[in-house]
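Here is the structure we will look at.
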Amino acid sequence: MRLIKPKQTTIEIKTLSGDLSIPAIYGLDSATNQWINPLRIRLGLGSKKACSPELVERLCYTAAQSLSYESCARIAQKWGVDVCDSTVQQHVCREGARIQALRDEQVEEALEPRTRLNVVAQAARQCRGEEFSLIIMLDGWMIRERGAQWGWKPPEDQAARVEWHEMKTGIVFRVEDQAKTQSDRGVILRKFYEAWRGDAQDFSRRLYALALRQGLHQARHVFVVADGGIWIWNIVEERFGGAHQLLDFYHASQHLHEVAQALHEDGARAKQWVEPLLHQLKHGGEAGVIKTLEQLASLIEQLDDDPAKTVERNIHYFQEHRERLHYSRMAAMGCPMGSGAMESTCSQLQDRFKRTGQFWTQAGAAHLMTLEIVRRNGEWEFFW
Numbered sequence: 054m055r056l057i058k059p060k061q062t063t064i065e066i067k068t069l070s071g072d073l074s075i076p077a078i079y080g081l082d083s084a085t086n087q088w089i090n091p092l093r094i095r096l097g098l099g100s101k102k103a104c105s106p107e108l109v110e111r112l113c114y115t116a117a118q119s120l121s122y123e124s125c126a127r128i129a130q131k132w133g134v135d136v137c138d139s140t141v142q143q144h145v146c147r148e149g150a151r152i153q154a155l156r157d158e159q160v161e162e163a164l165e166p167r168t169r170l171n172v173v174a175q176a177a178r179q180c181r182g183e184e185f186s187l188i189i190m191l192d193g194w195m196i197r198e199r200g201a202q203w204g205w206k207p208p209e210d211q212a213a214r215v216e217w218h219e220m221k222t223g224i225v226f227r228v229e230d231q232a233k234t235q236s237d238r239g240v241i242l243r244k245f246y247e248a249w250r251g252d253a254q255d256f257s258r259r260l261y262a263l264a265l266r267q268g269l270h271q272a273r274h275v276f277v278v279a280d281g282g283i284w285i286w287n288i289v290e291e292r293f294g295g296a297h298q299l300l301d302f303y304h305a306s307q308h309l310h311e312v313a314q315a316l317h318e319d320g321a322r323a324k325q326w327v328e329p330l331l332h333q334l335k336h337g338g339e340a341g342v343i344k345t346l347e348q349l350a351s352l353i354e355q356l357d358d359d360p361a362k363t364v365e366r367n368i369h370y371f372q373e374h375r376e377r378l379h380y381s382r383m384a385a386m387g388c389p390m391g392s393g394a395m396e397s398t399c400s401q402l403q404d405r406f407k408r409t410g411q412f413w414t415q416a417g418a419a420h421l422m423t424l425e426i427v428r429r430n431g432e433w434e435f436f437w
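According to my numbering, the sequence shown is numbered sequentially starting from 54.
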């Protein structure tokens, strides 16, 4: 490039080795008629960046791993880099938005009919002819955001300062990647993540694209394990209709306990009633459990109003999920009976995004979540 009216300047850069001052030339680019600094371009600094690309990457990674932007800044100071929490946040927002745009392109590539076959073919090459089954789990948790009247004064006035929104989350992993620790605790060797604060339709597109890249079309069996959320099973029917569906056993047991407590005020009698049904449900007797519950319909009129409503609601619950109760059969195929891995994932993410004093903007949470997802999925180096 040829510069018109070249001028001398100094570039101040924060790096992992400390602050640097580098003499440079800037001027008017004869081709574009724009003022440019060739050295900034060569170093990947853009027009205003004051941190080296390597430092930005490390700050973003640490921000995703630490408890807050403040703690990330304190860690950076231990490296000898003097940054504040607002600087960390700026880089997270900028790089999170950049990577989110690239991930959006990946989703469209997986969903667009013209390019979907390429994604499926790439997944097949990664599978290398291995035989495996795929497990998909999904759930939601609530994130606290700044409301439309955030910061409204005076404090005693009623205002929409805080809003809660659902962060829909999913994981995908292979049956064969389940293992046990020496203490017999379950562990998953490799799993892939998606999270989205938005409507169920947007989330379903992203989760489907993730599953497609992880071998959805190559898997011998596909299992979906989740709780009873209506939006969850709507997604499953739309995107994973051919999968084996399983209601999380813990949620099913909770509903049976509700029936037991409605029928028997005495705790011992309630336990005596429910435990045989739980055993039956777990060991292939789900049809008998449904039959027992349906027989309770004739007793509803003999119960008080609230217990009667509880029993009736749970009868309908198990009838609705009768094809998602085959625990013994699914366990024999390697599918877990519960969605504990999903519950654990939600807890881990909440440890970062629901800490005391955190009130997110929608964009701010999305940018950091993007970095966390690519880190968890082992894609950090790819996007950087």
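Glycine included, every Cβ here is placed at the ideal spot set by N, Cα and C.
Candidates GLN403, ALA176, LEU120, ALA279: which alpha carbon is nearest HIS442's?
A question about residue 442 goes unanswered here, because the residues of the chain that appear run from 54 up to 437.
Report buried or exposed for MET386, applying the criterion of at least 16 other Cβ atoms within 10 angstroms of its Cβ.
exposed
Count the other C-beta atoms from every protein chain shown that fall within 10 angstroms of the C-beta of GLY133, then say buried if there are 16 or more, exposed otherwise.
exposed
How should ARG167 be labelled, buried or exposed, when 16 other C-beta atoms within 10 angstroms of its C-beta is the threshold for buried?
exposed
Taking three-plus beta-carbon pairs below 8 Å as touching, is the stretch 157-165 in contact with the stretch 187-204?
no
Within 10 angstroms of the Cβ of GLN142, are there 16 or more other Cβ atoms? Answer buried if so, exposed if not.
buried
Please report the distance separating the alpha-carbon of SER381 from that of GLU339.
Cα to Cα, the separation comes out at about 9 Å.
Our contact map puts ILE22 next to THR398 with C-beta atoms below 8 Å; I'd like the distance itself, whole angstroms only.
One cannot answer for residue 22 here, as it falls past the ends of the chain, which runs 54 to 437.
Starting from the C-beta of ARG429, find all residues in its chain whose C-beta is less than 6 Å away, skip the five residues before and the five after it, and write them out in chain order.
TYR246
If I measure Cβ to Cβ from LEU187 and keep anything under 8 Å in the same chain, skipping five residues before and after, which residues do I get?
VAL225, PHE226, ARG227, VAL228, ALA264, GLN267, GLY268, LEU269, ALA272, HIS274, VAL275, PHE276
Could you give the first and the last residue of the continuous alpha helix (DSSP H) run that contains PHE293?
Unbroken run through PHE293: none, as it is neither H nor E.
Which same chain residues, not among the five before or five after GLU148, have their C-beta less than 6 Å away from its C-beta?
Leaving aside the five residues that flank GLU148 on each side, the residues in its chain whose CB is nearer than 6 Å to its CB run, in chain order, CYS113.
Mark THR423 as exposed unless 16 or more other C-beta atoms lie within 10 angstroms of its C-beta, in which case mark it buried.
buried
Apart from the five residues on each side of it in sequence, which residues of its chain come closer than 8 Å, Cβ to Cβ, to GLU347?
ILE368, GLN372
Pull up the DSSP beta-bridge partners for THR68, would you.
In the DSSP output, where bridge partners are listed per residue, THR68 has GLY71.
Would DSSP call CYS180 helix, strand or coil?
helix
In three-state terms, what does DSSP make of ALA116?
helix
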